[in-house]
Amino acid sequence: MKNTILFIIVMIITISCKAQIITDIEDPNYPEAGKYYKDINNILDPFVGVYLYTNNTTSFKIILQKKTNSSASNGVFFEDLLIGGYQYIENGIEKVNTLNDLNNNYLDARKYVITGGVIMTGNTLGQTDALPNEKWINGAISDPISGSLDDLFIRKVAVSGQEAIKIFIYHSIGVRSENDPVPPPISYPIGEEFTLIKQ
Amino acid sequence: MKHKLKNYLKLGILLFGISITLTNCEKEDEFNPEELIEENKSNYKISHKSYATLSAQSKFSNAITKLVPNKNSLMNNRTVMENQYGFTIIENMVTEIVVDDYVSYTILIERPEPNSTYFENLVLEVFENNTVKAYIVKYTPTEITEVTAHNSFNFQGNVEATPINYDNTLARWELECSTVWVSYCHNDGTGNVGGSHVAGANCTTANLMWDTPVTSCSSVWYDDATQTQITTTTTTSGSPKGGSNLHTTPLLPEFEEVDDPCEKLKELLETDKQNIKPDIQFLKDKLTAGVKKEWGVNLNRTKNPDDTHTYTNTQVEGSTNGLDHTKGWNWIGGAHIHTTSGYSMYSWKDIHIHQGFNELASSDNQSHVTTILVCNNPAYDTDPTINQYNVYALSTEDYTALNTQINNTLNSPLYSGLTYKQKLKEIHRKQKKDLKANQADLEKYFLKAFRKYGISLYKASDDMSNWNKLTLPPVKNGTQVVVKTPCN
Chain C
81 MKNTILFIIV MIITISCKAQ IITDIEDPNY PEAGKYYKDI NNILDPFVGV YLYTNNTTSF
141 KIILQKKTNS SASNGVFFED LLIGGYQYIE NGIEKVNTLN DLNNNYLDAR KYVITGGVIM
201 TGNTLGQTDA LPNEKWINGA ISDPISGSLD DLFIRKVAVS GQEAIKIFIY HSIGVRSEND
261 PVPPPISYPI GEEFTLIKQ
Chain Y
4 MKHKLKNYLK LGILLFGISI TLTNCEKEDE FNPEELIEEN KSNYKISHKS YATLSAQSKF
64 SNAITKLVPN KNSLMNNRTV MENQYGFTII ENMVTEIVVD DYVSYTILIE RPEPNSTYFE
124 NLVLEVFENN TVKAYIVKYT PTEITEVTAH NSFNFQGNVE ATPINYDNTL ARWELECSTV
184 WVSYCHNDGT GNVGGSHVAG ANCTTANLMW DTPVTSCSSV WYDDATQTQI TTTTTTSGSP
244 KGGSNLHTTP LLPEFEEVDD PCEKLKELLE TDKQNIKPDI QFLKDKLTAG VKKEWGVNLN
304 RTKNPDDTHT YTNTQVEGST NGLDHTKGWN WIGGAHIHTT SGYSMYSWKD IHIHQGFNEL
364 ASSDNQSHVT TILVCNNPAY DTDPTINQYN VYALSTEDYT ALNTQINNTL NSPLYSGLTY
424 KQKLKEIHRK QKKDLKANQA DLEKYFLKAF RKYGISLYKA SDDMSNWNKL TLPPVKNGTQ
484 VVVKTPCN
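Chains C and Y supply the protein sequences, listed in that same order. Numbers in the working numbering are just positions in the first sequence, counted from 1, shifted up by 80. Numbers in the working numbering are just positions in the second sequence, counted from 1, shifted up by 3.
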């Protein structure tokens with residue numbers, strides 16, 4: 081009797097545990113249900129930090145964090161993801177500030193305003209000065225004011241021995257109905273490179 | 004004995020219901036748009052949106068979910084309501100009418116065996132307190148006249164509104180009267196006044212719009228046990244007779260005509276038509292200059308009163324000011340570049356934009372809709388003797404398939420719990436991974452990845468004198484290569 085109960089308990093636990101296939105974050109077959117896209121080689125770790133660009137009264141601050149085992153769509157799949165928030169001040173006027181977004185503890189890390197998803201290697205997508213084996217992030221940034229959604233390139237660089245990131249925001253052309261009002265301007269600079277020093 | 008009593012009771016209720024209907028609805032009358040009741044339209048906005056776009060908006064998705072609880076999770080399957088009432092929702096263009104806090108959505112529906120004497124629309128009403136009402140509005144035209152200058156039509160005939168019961172909790176008779184306010188205008192969007200026609204998105208001038216009411220009363224038996232509904236409907240036009248006020252405009256079924264995409268694409272190159280060659284050169288020059296932002300050209304094709312067309316191309320910079328592509332009645336699409344920071348192929352977002360061009364283009368323009376991409380030729384890096392830039396064009400062969408695939412992707416469980424924008428971001432991320440993995444042959448990747456989207460891919464010849472259709476025939480001897488077929 082005791083053995084039967086034990087057998088039933090073991091079976092229930094076995095059945096209730098969903099099988100999770102651990103795969104590398106660079107797995108091109110993405111996203112697939114039941115997988116955990118894990119940062120096996122810790123590629124994301126060097127990008128974590130607080131970074132700041134300043135030029136007189138203009139500044140760009142980005143905070144990057146690594147979220148592990150993020151549950152996408154309530155557990156359809158899992159992943160390690162670089163997430164972030166940012167603040168952009170232009171000529172002394174704060175254009176946008178999403179740093180508080182990092183205080184949200186989203187189970188699904190894809191909801192953050194900065195997400196870094198695709199790991200790139202070397203000279204591609206116009207990053208001509210990237211070293212052949214350099215790993216960089218082809219991520220995304222969203223602007224809550226204009227609603228714009230753009231690519232965010234993040235590369236790890238060194239400036240006079242200081243850790244830094246070089247960023248580039250690539251805005252792809254969108255579409256608007258002729259009767260819709262013109263949306264507010266995009267809050268952050270697009271099509272420009274910025275170097276942000278690690279604080 | 005008990006069963007007999009129940010039948011008598013039902014018969015009694017039926018007779019009572021019919022008598023109420025006959026008392027309240029005095030005569031059956033033909034709808035005539037010239038019987039005008041004008042009202043102030045300054046708070047009235049009418050627009051055409053795709054089912055997919057609206058599905059991403061909470062007001063519409065909440066309304067459709069209340070009406071059809073399993074619609075969101077089973078996008079491609081028939082809903083309980085569709086089965087019960089025997090129709091299928093056409094997930095195509097939806098007419099949205101906003102009057103203050105009131106919104107109505109008019110959706111085309113079809114029956115398994117279409118009847119050419121009438122057409123039907125499903126109309127959802129969402130009120131200030133988010134309550135939802137739904138009707139099937141049946142139009143039996145005696146005359147439909149095309150008003151070409153305004154890209155619309157004039158309708159005369161009968162209008163009937165049947166309320167839809169989607170919450171069968173109690174067996175009961177209900178007399179439900181509703182006044183269908185069909186919106187008309189004689190404005191072509193530029194302020195010009197012409198013949199009256201069914202209002203569309205171009206009708207923006209308040210004092211050129213009016214509503215014509217038709218009161219439709221239905222005596223409806225809702226049977227809890229058998230889920231059946233018996234409806235008798237009578238219609239009267241002229242002054243409203245009370246009941247709810249349903250704001251709508253008729254959506255006609257689309258009559259598809261087969262067009263040769265090659266012919267339409269060639270028109271883009273003709274100097275007396277869209278004449279895009281100088282604009283393509285403008286975009287190539289931007290790439291040569293090494294710009295870091297995307298630039299584009301919007302293509303406008305407006306029908307004149309004499310059935311000729313006026314072609315206007317507008318160059319735009321994808322800048323912080325939101326000067327993006329424009330979609331609408333008179334817009335047939337656009338061209339844009341992908342710089343070195345983007346891949347030399349269409350993104351999923353581009354396909355979604357192409358869908359948007361289709362959804363809002365007039366029927367006269369729909370077969371002309373195209374999305375052109377000017378990008379670097381990856382092979383040029385190793386062979387500088389070939390063309391430095393590729394010019395692609397998309398053409399729609401099956402808009403229903405395009406809509407379905409866009410909806411399927413947006414409603415994939417992989418993106419559940421995300422907002423529309425977050426979904427776009429994640430779909431784009433997935434595609435960036437795909438593009439990265441398929442950089443060696445992006446044309447082949449595109450034809451494989453979007454084979455079910457009802458779109459075809461064309462590539463301009465090096466001298467921009469012709470187009471080539473790109474296809475991917477079945478695998479032979481283990482190799483699969485893209486085939487170029489020139490347009491004749």
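Virtual Cβ for every residue (Gly too), placed ideally from N, Cα, C. All figures in this text were calculated on a predicted structure; none of them were measured in a lab.
Secondary structure of residue i, DSSP reduced to three states
i, result
"residue 355(Y)", "helix"
"residue 55(Y)", "helix"
"residue 180(C)", "helix"
"residue 117(Y)", "coil"
"residue 258(C)", "coil"
"residue 268(Y)", "helix"
"residue 388(Y)", "coil"
"residue 127(C)", "helix"
"residue 360(Y)", "helix"
"residue 307(Y)", "coil"
"residue 150(C)", "strand"
"residue 318(Y)", "strand"
"residue 410(Y)", "helix"
"residue 503(Y)", "Lying outside 4 to 491, the shown extent of chain Y, residue 503(Y) is not represented and no answer is given."
"residue 3(Y)", "Because chain Y in this structure spans residues 4 to 491, residue 3(Y) falls outside the shown range and cannot be described."
"residue 483(Y)", "coil"
Supposed contact pair residue j and residue i - C-beta distance, whole angstroms, cut 8 Å
i, j, result
"residue 315(Y)", "residue 303(Y)", "4 Å"
"residue 164(Y)", "residue 249(Y)", "6 Å"
"residue 97(Y)", "residue 112(Y)", "Contact doesn't hold; Cβ gap of about 12 Å is too wide."
"residue 1(Y)", "residue 388(Y)", "Here chain Y covers residues 4 to 491 and nothing more, so residue 1(Y) does not appear."
"residue 182(C)", "residue 207(C)", "About 26 Å separates the two Cβ atoms, so there is no contact after all."
"residue 195(C)", "residue 162(C)", "7 Å"
"residue 62(Y)", "residue 126(Y)", "Wrong, their Cβ atoms sit about 15 Å apart, outside the cutoff."
"residue 68(C)", "residue 265(C)", "Residue 68(C) is absent from the model: chain C starts at 81 and stops at 279."
"residue 367(Y)", "residue 330(Y)", "Actually they are not in contact, since the Cβ atoms of residue 367(Y) and residue 330(Y) sit about 15 Å apart, beyond 8 Å."
"residue 137(C)", "residue 172(C)", "4 Å"
"residue 432(Y)", "residue 198(C)", "6 Å"
"residue 118(C)", "residue 101(C)", "Wrong, their Cβ atoms sit about 10 Å apart, outside the cutoff."
Residue i - partner residues in DSSP beta bridges
i, result
"residue 459(Y)", "398(Y)"
"residue 247(C)", "234(C), 274(C)"
"residue 1(Y)", "The question about residue 1(Y) has no answer here: the residues shown for chain Y are numbered 4 through 491."
"residue 283(Y)", "Residue 283(Y) is not bridged to any residue."
"residue 128(Y)", "107(Y), 136(Y)"
"residue 144(Y)", "160(Y)"
"residue 239(C)", "242(C)"
"residue 222(C)", "229(C)"
"residue 170(C)", "173(C)"
"residue 449(Y)", "Answer is none; residue 449(Y) lacks a bridge partner."
"residue 63(Y)", "In the DSSP output, where bridge partners are listed per residue, residue 63(Y) has none listed."
"residue 145(C)", "163(C)"
"residue 431(Y)", "Bridge partners of residue 431(Y): none, in fact."
"residue 302(Y)", "316(Y), 336(Y)"
"residue 341(Y)", "378(Y)"
"residue 123(Y)", "112(Y), 141(Y)"
"residue 196(C)", "162(C)"
"residue 104(C)", "118(C)"
Same chain only: Cβ atoms within 7 Å of residue i, ignoring 5 sequence neighbours per side
i, result
"residue 102(Y)", "46, 47, 250"
"residue 322(Y)", "296"
"residue 434(Y)", "350, 351"
"residue 52(Y)", "97, 99"
"residue 313(Y)", "305, 307"
Beta-carbon contacts of residue i that lie in its chain and below 6 Å, excluding the five residues immediately before and after
i, result
"residue 247(C)", "234, 274"
"residue 438(Y)", "346"
"residue 390(Y)", "380, 465"
"residue 375(Y)", "338, 396"
"residue 358(Y)", "405, 409"
"residue 4(Y)", "Any reading at residue 4(Y) must be qualified, since the residue scores a pLDDT of 48, below 50, and its modelled position is unreliable; the value itself is stated next. Excluding residues within five positions, none has a Cβ falling inside 6 Å."
Neighbourhood of residue i by C-beta distance below 8 Å, restricted to the same chain and skipping five residues each side
i, result
"residue 487(Y)", "462, 471, 472, 473"
"residue 447(Y)", "441, 475, 483, 484, 485"
"residue 268(Y)", "373, 396, 398, 461, 470, 490"
**Asked** Between the stretch 424 to 438 of chain Y and chain C, which residues of the former have CB atoms less than 8 Å from a CB of the latter, in chain order?
**Response** Residues passing the 8 Å Cβ filter: 424, 425, 427, 428, 429, 431, 432, 433, 435, 436, 437.
**Request:** Give the residues from the stretch 149 to 182 of chain C that approach chain Y closer than 8 Å (Cβ to any Cβ), ordered along the chain.
**Result:** 152, 153, 154, 156, 157
**Request:** Check distances from the C-beta atoms of the stretch 231 to 264 of chain C to those of chain Y and list, in chain order, the residues that come in under 9 Å.
**Result:** 231, 233, 248, 250, 251, 252, 253, 254, 255, 256, 257, 258, 259, 260, 262, 263, 264
**Request:** Give the residues from the stretch 205 to 227 of chain C that approach chain Y closer than 8 Å (Cβ to any Cβ), ordered along the chain.
**Result:** Residues 205, 206, 218, 220, 222, 226, 227.
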